[in-house]
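So the protein sequences, as listed, match chains A and B. Mapping of the first sequence onto my numbering: position 15 corresponds to residue 15, and the numbering continues sequentially without gaps. Mapping of the second sequence onto my numbering: position 13 corresponds to residue 13, and the numbering continues sequentially without gaps. Even glycine gets a Cβ: it sits at the ideal position worked out from N, Cα and C. Report on the structure given below.
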Amino acid sequence: MKQTIITYVKDEPGVLNRIARHFYRLNYNIESIAAGRSEIRGITRLTIVCNHTDHYNQSLINNHLEDLDTVLDVKDISNVPSILREHALVKLKPGEKGMSLLNDLVSEKGVKIIDNDNSICIVEATGEVEEVENLIKQLKQFEILEIMRSGKVAMVKVDQDEHRVEIEEKKKQKSWATQQISDALY
Amino acid sequence: MRGSQKKLSGAEIIWECLIQEGVDVVFGYPGGAILHTYDALNKYSEKIHHVLVRHEQGATHMADGYARASGKVGVAMATSGPGATNMITGMATAMMDSSPIVCITGQVPSPFIGSDAFQEIDITGASIPVSKHSYLVMNINDLATTIREAFYVARSGRPGPVLIDIPKDIQNETTDFIYPEEELNLPGYQPPEDVSEEYISKFASLVNDAEKPVILAGHGVLLSNASREVMELAEKSSIPIATTLLGIGGVPDSHQLVLGMMGMHGGSWANHAIQDADLLIACGMRFDDRVTGNLKTYSPNSKKIHIEIDPSEINKNVKVDLAIHADLGTVLRHVNPHIKKMVRNDWLDIISGWHHDSKQRDILNLKSDKLHAAQAIRKIWEGTKGDALIVSDVGQHQMLEAQYYKHNDPRTLLTSGGLGTMGFSLPAAIGASFHEKDRGIWVIVGDGSIQMTIMELGTAIQENVNINIAIINNGYLGMVRQWQQMFYNARYVETPISSPDYVKLAEAYGIQAYRVDSLENVIPTMEKAQKNAGPSLIEFKVEEHEVVYPMVPAGADLHDMIQRPFSDVYENGQIVEKETAK
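In structure tokens, the structure reads:
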């Protein structure tokens with residue numbers, strides 16, 4: 001089973017370690033992790049994709065991560081309609097015959113050749129996760145030297161805005177965690 | 001075993017695999033999550049001896065002591081939760097001193113993992129910084145391969161502790177057991193095998209061109225069994241050798257080229273030699289801060305060769321001119337034929353000049369009826385004819401042991417160097433006693449250290465191990481007191497420490513015990529103790545305010561040592577006769 005999680009974390013040393021250890025503890029494997037600056041200064045946004053066995057408690061990882069001081073928010077978007085995209089670089093040897101095939105892919109599928117030297121080139125594929133997956137499959141007809149994938153990056157769709165992660169709001173509510181707990185109790 | 005299939009439980013597989021790895025003794029403590037495994041031990045008790053410890057930290061130190069004495073992998077076992085966390089200190093000790101141990105812990109049943117079940121702790125996670133590797137076995141079919149891999153990782157390359165965490169349900173499940181014999185698949189872990197010719201010739205020419213070389217012999221000399229090769233290099237090219245604390249015994253202390261220990265409490269002559277050298281040949285050592293002092297002024301005029309099996313140690317503290325990432329013994333076997341025969345009398349004469357000065361200041365020259373720790377340790381050396389396996393703890397007595405007990409054979413000094421774990425010695429000696437049957441085993445331990453793991457006296461008597469425990473009792477946490485005396489204006493905050501009556505305590509355990517407070521009684525009492533077949537204990541009541549000299553204050557230059565003042569030993573050119581009565 002796969003799970004996609006968006007988190008906002010403080011941009012400071014060790015934060016990845018603190019998060020990753022919870023996945024390790026539950027024996028989950030992190031399939032991909034994409035990190036970068038968010039819309040808020042000093043806050044990094046991560047998209048984590050993990051897989052795990054079936055005896056999985058949906059809320060466990062979220063609760064563990066929420067608990068961390070360095071984590072501002074966690075949202076499991078596995079079941080929320082979202083934009084999931086990926087970026088891949090593929091270094092390959094098209095060979096003499098392959099060049100025209102590769103050029104077809106370029107014109108039809110939106111693949112870009114971004115570096116080319118003698119018989120080796122680097123191809124860039126970007127788009128919906130499945131698209132990238134398919135493109136890489138098609139590129140496998142050439143001799144592939146290296147593949148680098150960015151990992152899934154995710155954003156909840158505009159019409160699903162009730163699921164949007166809103167950090168600024170939460171930061172204003174000083175004791176939002178306590179609030180949530182009492183909401184759940186009463 | 002190949003091809004023969006048996007239906008075995010996870011617990012039985014654990015013991016089968018340990019037997020395959022050549023394990024015949026395991027140090028451990030049972031508990032809920034490891035009970036299946038202990039139950040299965042019944043079936044294997046003829047092949048594997050289990051030592052019931054009094055605290056899981058003791059189990060890890062025993063496994064560590066066994067590993068250091070034998071060169072084999074030591075095994076410790078404990079239950080989940082507190083049993084596992086009690087192992088952390090022992091694993092960290094083994095990690096810092098590159099000692100191969102495998103720790104097997106029970107874990108709560110796999111469906112409960114992550115739920116904060118009773119006695120659950122994420123020990124694979126908690127052990128990351130203190131272990132070479134750690135495994136959580138979630139599938140019984142991975143169990144045998146994991147154990148095999150764990151032993152390989154623990155003993156190969158730079159050895160270290162490895163943890164295997166096994167949930168209770170995995171211990172109870174059964175599967176067809178075939179001992180895995182295929183090659184291990186460890187793409188990210190490849191200890192080096194050979195050395196390139198280019199490095200060998202560079203190494204040889206650096207040595208042949210040097211005028212004032214010094215060999216720095218570390219723990220790697222022992223781990224690589226390279227004592228003979230190091231001595232061959234030294235003798236051929238007439239190179240003096242200074243050792244690290246853990247390198248002691250790697251080269252014979254009685255050899256004229258061996259200068260003894262270097263560093264913070266090392267011989268001043270050894271430190272001066274390093275500072276004055278034009279070539280340092282670092283053999284399996286890691287330029288620890290206790291060895292280098294101030295890095296900015298460390299051996300400023302020397303070229304440096306570093307032979308080290310762990311690439312992360314190379315250029316870490318000290319930038320070197322030639323780094324060889326390989327097994328020390330292999331390198332030296334290649335290099336030695338290219339080394340020219342040389343006699344370096346001028347260089348050796350300079351060093352013995354420094355040595356002479358230190359000999360005059362030596363506390364052994366002091367005539368006193370009070371027992372001094374250094375003198376007691378020198379007597380232990382005499383009383384054991386320098387042939388014992390010594391396990392020292394951490395503190396002043398550890399440094400005095402390193403200075404005054406001369407070791408001539410490898411693996412005859414076991415001590416916690418890197419982590420400086422007080423309480424290491426007693427359990428480590430118990431562990432070592434399961435390997436070392438020929439030599440006498442002596443624990444040299446302070447009154448502070450012994451009280452950290454004193455409960456292992458129970459293990460010592462239950463197993464009736466033949467060890468002698470020498471408690472150097474000065475009523476203080478001596479090394480801390482020394483720092484307070486030197487750097488905190490003699491404000492002895494929380495360093496005076498009381499002790500139980502060790503003789504009575506030992507007797508309560510059923511251990512033979514003696515007390516010594518004068519120099520002339522040391523050897524007669526030792527003789528009595530050595531006659532006991534089981535454990536015995538001697539308490540040495542020593543002078544309280546003894547200071548270990550020389551000393552390089554933390555962060556100071558290595559040549560900037562505080563020497564013992566002449567007035568400690570001499571007055572008006574005469575050896576001091578100190579109080580004859582207490």
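Using a 10 Å radius around the Cβ and a threshold of 16 neighbouring Cβ atoms, would you call residue i buried or exposed?
i      : result
B:E602 : Nothing about residue 602 of chain B can be read from this structure; chain B reaches only from 1 to 582.
B:E527 : exposed
A:R37  : exposed
B:Y488 : exposed
B:L413 : buried
A:Y8   : buried
A:G14  : exposed
B:E12  : buried
A:I61  : buried
B:R491 : exposed
B:G555 : exposed
B:H545 : exposed
A:S182 : Residue confidence is low: A:S182 scores 46 on pLDDT, short of 50, so the model does not pin down where it sits. No coordinate-derived value is stated.
A:V158 : exposed
Beta-carbon separation of residue i and residue j under 7 Å?
i      : j      : result
B:I241 : B:I281 : no
B:V130 : B:M77  : no
B:M262 : B:N271 : yes
A:A34  : A:T44  : no
B:V343 : B:S238 : yes
B:L389 : B:E229 : no
B:F424 : B:Y66  : no
B:L419 : B:V443 : no
B:P167 : B:S110 : yes
B:A63  : B:V75  : yes
A:T47  : A:V153 : yes
A:L89  : A:E131 : no
B:T79  : B:A40  : no
B:A277 : B:S302 : yes
With a cut-off of 8 Å on the beta carbons, I'd call residue i and residue j a contact; round off their distance for me.
i      : j      : result
B:H61  : B:G90  : 5 Å
B:P161 : B:A69  : Actually they are not in contact, since the Cβ atoms of B:P161 and B:A69 sit about 16 Å apart, beyond 8 Å.
B:S45  : B:N172 : Rounded, the Cβ-Cβ distance is 20 Å, inconsistent with contact.
B:V445 : B:I471 : 6 Å
B:M291 : B:K304 : The question names Met, but residue 291 of chain B is Val in the sequence shown. At roughly 13 Å, the Cβ-Cβ gap does not stay under 8 Å, so B:V291 and B:K304 are not in contact.
B:I140 : B:I170 : 5 Å
B:I380 : B:Y405 : 7 Å
A:V129 : A:R85  : 7 Å
B:E456 : B:G58  : 5 Å
B:P180 : B:S156 : Not really, about 17 Å apart at Cβ, beyond 8 Å.
Sorted by chain position, which residues of the same chain lie with C-beta nearer than 6 Å to residue i's C-beta, five sequence neighbours on each side aside?
i      : result
B:S536 : N468, Q512, A529
B:E308 : I314
B:L348 : none
A:Y186 : With a pLDDT of 44 at A:Y186, under the threshold of 50, the modelled position of that residue is not reliable, and no figure is offered here.
A:D11  : G42, T44
B:P565 : none
B:K47  : I19
B:A374 : I363, L400, Y404
B:N532 : Q512
B:A506 : A513, L537
Tell me which residues share the same chain as residue i and place their Cβ nearer than 7 Å to its Cβ, disregarding the 5 neighbours each side in the sequence.
i      : result
B:K341 : K236
B:W269 : L259, I351, W354, H355, S358
A:M155 : S82, I83
B:S224 : G284, D327, L328, G329
A:K109 : L135
B:S98  : R158, P159, G160, H219, L223
B:V153 : K132, H133, V162, Y189
B:Q563 : S268, R361, Y549, P550
B:T421 : T89, T93, V394
Residues in its own chain within less than 8 Å of residue i by CB, not counting five upstream and five downstream?
i      : result
B:A581 : Low confidence applies to B:A581: its pLDDT is 41, below 50, so where it sits in the model is not reliable enough to give any reading.
B:Y514 : V503, T525, K528, A529, S536, L537, I538, E539
B:A204 : V335, H338, I339
B:M609 : Examination of residue 609 of chain B is not possible in this model, given that chain B is present from 1 through 582 alone.
Next item on the list: Indicate whether the contact test is met: 3 or more Cβ pairs, each with one atom in the stretch 190-197 of chain B and one in the stretch 324-344 of chain B, closer than 8 Å.
Entry: As far as the Cβ criterion goes, the stretch 190-197 of chain B touches the stretch 324-344 of chain B, which means the pair count is three or higher.
Item checked: Cβ pair count under 8 Å reaching 3, the stretch 175-194 of chain B against the stretch 115-130 of chain B -> Output reads no: the stretch 115-130 of chain B does not touch the stretch 175-194 of chain B.
Notebook entry, point to check: Using 8 Å as the Cβ pair cut-off and three pairs as the minimum, do the stretch 564-574 of chain B and the stretch 500-511 of chain B touch?
Noted result: Fewer than three Cβ pairs drawn from the stretch 564-574 of chain B and the stretch 500-511 of chain B lie within less than 8 Å of each other, which leaves the two stretches out of contact.
Next item on the list: Answer yes if the stretch 476-488 of chain B comes into contact with the stretch 452-460 of chain B, meaning at least three C-beta pairs across the two stretches below 8 Å, and no otherwise.
Entry: Not touching, per the Cβ criterion.
Item checked: Cβ pair count under 8 Å reaching 3, the stretch 17-25 of chain A against the stretch 87-96 of chain A -> The answer is no - the stretch 87-96 of chain A does not touch the stretch 17-25 of chain A, with fewer than three Cβ pairs under 8 Å.
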